[in-house]
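Heads up, the thing below is written out as structure tokens.
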Amino acid sequence: MKSLFLILACLFLTVAAVFGQSAKKVAKREARAKEYAATKALIESGTFSYVADWATTQKGARINLATNGNSLIVTPGESAASMPYFGAVQVPNMSGEGGINFDDQVKNYKVDYKEKKMKIIVSFDVRSSNGNENFHCVFNISSRDNASLGITSGARNSITYEGKIAEWKEKN
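Residue numbers for the sequence shown follow my numbering, so the first one is 153 and each next one is one higher.
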């Protein structure tokens with residue numbers, strides 16, 4: 153009789169643990185879907201800002217950007233950025249700008265939604281502030297708090313930033 157009671161108690165505890173874990177998974181999945189919907193709405197608005205926390209060079213060096221001011225702003229048809237650059241430059245320009253700077257109209261703006269993986273890919277091309285360099289920017293967005301930005305150019309090595317996107321409101 154004791155062994156039957158012990159077996160039933162173990163079975164009950166196992167079933168309770170399995171159902172408890174599945175409820176947590178469902179709640180986590182629902183929260184992620186809600187965050188994805190909010191992020192998707194932000195991207196569909198066409199206006200958002202990006203601030204990087206980390207930069208990774210093509211050679212793999214990771215640089216903390218906590219003390220380096222940086223931002224990239226996307227508005228319908230335009231983009232502006234002032235991002236630090238750490239890497240090799242193949243074709244230097246004589247403007248004296250060391251970072252990645254642009255404020256121009258975007259070309260080839262494209263948004264690709266990966267519904268199954270709940271990821272958003274935003275890509276566009278933009279010309280540098282001094283006009284003699286073209287940048288190809290690609291965002292891989294998992295959530296507002298997890299967005300990577302890869303920037304490539306024919307004049308310098310590629311660089312990847314990790315940071316956050318947010319709603320951008322123009323300062324008056």
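Ideal placement from N, C-alpha and C gives every residue a C-beta, glycine not left out.
- [ ] Taking the CB atoms as reference points, tell me whether Y202 and L217 lie closer together than 8 Å.
- [x] As a position in the sequence shown, residue 202 is number 50, starting the count at 1. As a position in the sequence shown, residue 217 is number 65, starting the count at 1. No, they are not a contact pair.
Open item on the list: Check this for me: beta carbons of G251 and P236, under 8 Å apart or not?
Closed with: On the sequence shown, position 99 is the one that residue 251 refers to. On the sequence shown, position 84 is the one that residue 236 refers to. In this structure, P236 lies closer than 8 Å to G251 by Cβ.
- [ ] Determine the burial state of I317: buried for a count of at least 16 other Cβ atoms within 10 Å of its Cβ, exposed for fewer.
- [x] For the purposes of this step, residue 317 is taken as residue 165 along the sequence shown, with counting starting at 1. Answer is buried; the Cβ neighbour count reaches 16.
- [ ] Can you tell me the Cβ-Cβ gap for T219 and G239, rounded? I've got them flagged as a contact below 8 Å.
- [x] In the sequence shown, counting from the first residue as 1, residue 219 sits at position 67. In the sequence shown, counting from the first residue as 1, residue 239 sits at position 87. So it is not a contact: roughly 19 Å between Cβ atoms.
- [ ] Report buried or exposed for A190, applying the criterion of at least 16 other Cβ atoms within 10 angstroms of its Cβ.
- [x] Here residue 190 corresponds to residue number 38 of the sequence shown, with the count starting at 1. Its Cβ having fewer than 16 others within 10 Å, A190 is exposed.
Open item on the list: For H288 and K262, I'd like the C-alpha separation in whole angstroms.
Closed with: Residue numbering aside, residue 288 sits at position 136 when the sequence shown is read from its first letter. Residue numbering aside, residue 262 sits at position 110 when the sequence shown is read from its first letter. Using only the alpha carbons, I get a separation of about 12 Å.
Open item on the list: Distance check for R184 and V178, CA to CA, integer angstroms please.
Closed with: Numbered from 1 along the sequence shown, position 26 holds the residue referred to as residue 178. Numbered from 1 along the sequence shown, position 32 holds the residue referred to as residue 184. In a straight line, the C-alpha of V178 is about 10 Å away from that of R184.
Task: Nonlocal neighbours in the same chain, by C-beta distance under 7 Å from A232, ignoring five residues either side - done: Looking up residue 232 in the sequence shown gives position 80. These residues qualify, in order along the chain: I225, F254, D255.
Task: Beta-carbon spacing of I215, W206 below 8 Å - done: Residue numbering aside, residue 215 sits at position 63 when the sequence shown is read from its first letter. Residue numbering aside, residue 206 sits at position 54 when the sequence shown is read from its first letter. Taking 8 Å as the Cβ cut-off, I215 and W206 qualify as a contacting pair.
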